[in-house]
Amino acid sequence: GRGQPDNLPTVKAAKAFFKEMDAMEKRVKKGKAGDKEAIGHYAAALDILDEYLDLVELPPTGSGLYDQEFSRAVGESARLT
157 GRGQPDNLPT VKAAKAFFKE MDAMEKRVKK GKAGDKEAIG HYAAALDILD EYLDLVELPP
217 TGSGLYDQEF SRAVGESARL T
């Protein structure tokens, strides 16, 4: 129905992202080097993450913004450094 959080594009994207990450994690735990299925899940997760970042008006993963270490502090000092 209307106003259901599950129907929000951001929620759908987040759920899809975690589904891909879970699938990738299961493949990686098998320890097979160069596992094409794991790589596929990773690539799909990155695409979904970029879609999500666009929905919340943040730069895409390829922007370089996320390459630097950032503070995990909460409060006024929590920002990209």
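With the numbering used here as the guide, the letters of the sequence shown map in order to residues 157 to 237. Backbone N, C-alpha and C fix where the C-beta goes; we use that ideal spot for every residue, glycine too.
- A straight line joining the alpha-carbon of I195 with that of Y208 spans about 20 Å.
- Counting the other Cβ atoms within 10 Å of the Cβ of A229 gives fewer than 16, which makes it exposed.
- Following the DSSP letters along the chain, one finds P165 inside the alpha helix (DSSP H) bounded by residues P165 to K185.
- Sorting V167, L205 and A170 by C-alpha distance to the C-alpha of G218 places L205 at the top.
- In this chain, the alpha helix (DSSP H) harbouring Y198 covers K192 to L211.
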